[in-house]
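Asker:
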Amino acid sequence: MTNVIQNYAWGSSSSFNQLFGMANQTGEPQAEIWMGAHPNGCSTVHNQNGEPTKLSSLIAQNINSFLSEKVATRFGELPYLFKVLAAEKALSIQVHPNKSQAERGFALEEQLGIPQSAGNRNYKDANHKPELVYALTEYHAMNGFRSVNEIIENFTRLAIPTIEPLLAQLKANPTARGLSMFFSDLLSVDGEQKDQAITALLVRAGNAEEPLYQLIVELETQYPGDIGLFAPLMLNVITLQPGQAMFLDAETPHAYLKGTGLEIMANSDNVLRAGLTPKFMDINELVSCTKFDEKPHDSLLLNPIERDAMLEYPIPVDDFKFAIVSHSKQRLIATESAEILLPLDGAMVLTHTNGESCLIEKGQSVFIPAYAQNYMIDCEGRVARAYS
Ligand SMILES: [Zn+2]
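In case it helps, my numbering puts the sequence shown at residues 21 to 408.
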């Protein structure tokens with residue numbers, strides 16, 4: 021496949037080159053490689069004769085055989101989007117709605133006639149957007165709430181006058197409900213009060229040596245004056261080592277801060293923002309789609325199930341599956357769905373029982389239709405496998 025590269029401003033100009041030897045002649049930031057059939061960046065498939073076809077058009081030629089009847093009936097489209105994502109700068113803090121919230125929100129905004137392109141449009145589709153990220157480099161992120169006690173401790177230590185009344189309320193009601201009020205009140209602080217609070221935060225952070233405060237100082241250079249600078253005090257901060265993975269649940273605030281990784285997600289664009297962004301934030305809608313439960317730091321990593329040098333990641337939704345396959349010598353894999361394979365460390369030879377064979381270099385990707393039923397790979401290094 022040839023894939024669309026999205027040149028978002030937060031992307032890295034060197035990471036895809038370093039990992040996969042992809043040239044970047046213009047030196048532009050390269051944020052994401054999209055592998056899939058999404059209308060905003062559909063991959064192009066080249067058959068053995070080199071003829072190009074859009075993946076979406078190819079699938080539409082015979083959806084039941086390309087995706088399998090089961091997936092075609094259940095989803096009506098390739099149900100996942102697979103990406104390589106390289107963040108040089110932090111992405112916005114965000115929450116994705118669950119399925120029923122997305123259905124309700126989308127229907128309402130359609131009914132109100134809010135254009136898809138409007139800045140205040142929250143719901144681009146009626147789908148949920150569960151995500152998995154697999155680190156290729158050290159990968160810095162925030163995911164889920166710290167415990168209420170930890171949040172109270174962090175803010176008590178800061179002793180910022182503007183925030184004291186909000187903190188007093190949280191101390192009086194240290195529950196999920198209390199946290200919900202604290203979170204929405206804090207994000208709503210505005211004008212002079214917001215400037216004072218952020219100035220005080222930066223003075224404290226500048227004098228502290230802990231990594232948590234250094235992170236806030238670094239984020240300030242990217243998003244000066246943004247209320248999201250308080251987020252690291254409320255959310256878990258995590259660094260994935262290369263090869264580690266985590267799942268981003270619906271209704272859970274998270275942010276990608278820096279690093280390159282693979283990301284696989286359901287086919288959706290529904291994002292409610294909670295800071296580190298110049299974009300529109302609908303705080304009421306955000307709060308209504310957020311679970312204010314603590315997420316213990318030691319529960320963040322997703323542990324794969326290992327079978328014959330194949331790491332399968334347990335995913336709590338049926339939109340996609342994800343696995344890493346290593347040390348493959350004539351490994352035969354049976355498949356029931358459309359797959360995308362991406363060799364990560366070196367070239368892969370892909371063979372089908374009909375005799376067709378091709379060489380896929382690292383960083384290149386290949387689409388396998390469900391009707392293939394099985395395929396064989398030869399590859400020393402890791403191959404990332406997206407399927408459903
Ligand atoms: Zn997300």
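Ideal Cβ placement from N, Cα and C applies to all residues, glycine included. Just so it is clear, the structure is predicted and the values come from calculations on it, not from any experiment.
(1) With D398 as the anchor, note down where its beta strand (DSSP E) starts and where it stops.
(2) What residue from P262, S288 and N118 has the CA that sits closest to Y100's CA?
(3) Would V104 and L268 be called neighbours here (beta carbons separated by less than 8 Å)?
(4) Taking the Cβ atom as the reference point for each residue, do L111 and A275 lie within a distance shorter than 8 Å?
(5) Determine contact between the segment 326 to 342 and the segment 182 to 199, defined as no fewer than three beta-carbon pairs at a distance below 8 Å.
(6) Check for me: the beta strand (DSSP E) holding A106 runs from which residue to which?
(7) Is the beta carbon of M116 within less than 7 Å of some heavy atom of ligand 1?
(8) Tell me which residue opens and which closes the alpha helix (DSSP H) that Y333 is part of.
(9) Tell me the DSSP secondary structure of L321 in three-state form.
(10) Measuring straight from C-alpha to C-alpha, what distance separates L75 and A225?
(11) Leaving out the 5 sequence neighbours to the left and right, which residues in its chain are closer than 8 Å to A354 when beta-carbon positions are compared?
(12) Sort out for me which residues DSSP pairs E381 with in a bridge.
(13) Taking 8 Å as the cut-off, decide whether the C-beta atoms of F165 and K315 are in contact.
(14) Out of K341, I388, T310 and N69, point me to the one whose CA is closest to A196's CA.
(15) Pick from C62, A161, L222 and A270: whose alpha carbon is nearest that of Q247?
(16) For ligand 3, I want to know if L331 counts as a neighbour, meaning its beta carbon is within less than 7 Å of at least one of the ligand's heavy atoms.
(17) Taking 7 Å as the cut-off, is the C-beta of E52 nearer than that to any heavy atom in ligand 1?
(18) For V257, which residues in the same chain have their Cβ closer than 6 Å to its Cβ, ignoring the five residues on either side in sequence?
(19) Is the beta carbon of W30 closer than 8 Å to that of A107?
(20) Can you tell which of F342, I284, K349 and V403 has its C-alpha closest to the C-alpha of W54?
Answerer: The answer reads as follows:
(1) Note, D398: beta strand (DSSP E), N394 to C399.
(2) For Y100, the nearest C-alpha among the options comes from S288.
(3) When the beta-carbon positions are compared, V104 and L268 stay at least 8 Å from each other.
(4) Cβ atoms of L111 and A275: closer than 8 Å.
(5) With the cut-off at 8 Å, the segment 326 to 342 and the segment 182 to 199 do not touch.
(6) Counting along the chain, the unbroken beta strand (DSSP E) around A106 starts and ends at Y100 to A107.
(7) Strictly speaking, residue 116 in this sequence is His, with Met absent from that position. True, at least one ligand heavy atom lies under 7 Å from that Cβ.
(8) It is not in any alpha helix (DSSP H) - Y333 instead sits in the beta strand (DSSP E) that spans M330 to Y333.
(9) Of the three classes helix, strand and coil, the one that applies to L321 here is strand, per DSSP.
(10) Those two C-alpha atoms are separated by around 48 Å.
(11) Result list for A354: Q393 and N394, in chain order.
(12) Paired residue(s): none; E381 is not in a bridge.
(13) Taking a C-beta distance under 8 Å as the contact criterion, F165 and K315 qualify as a contact pair.
(14) When the alpha-carbon of A196 is set against those of K341, I388, T310 and N69, the nearest one is in T310.
(15) Reading the sequence as shown, one finds Ile at residue 247 and not Gln. Among C62, A161, L222 and A270, the Cα nearest to that of I247 is on L222.
(16) Judged by which ligands are present, ligand 3 is missing from the structure shown, whose ligands are ligand 1.
(17) E52 Cβ: outside cutoff for every heavy atom of ligand 1.
(18) Excluding positions up to five away in sequence, the list reads M162.
(19) Their beta carbons are under 8 Å apart, which means A107 touches W30 by this criterion.
(20) Considering only alpha carbons, the answer is I284.
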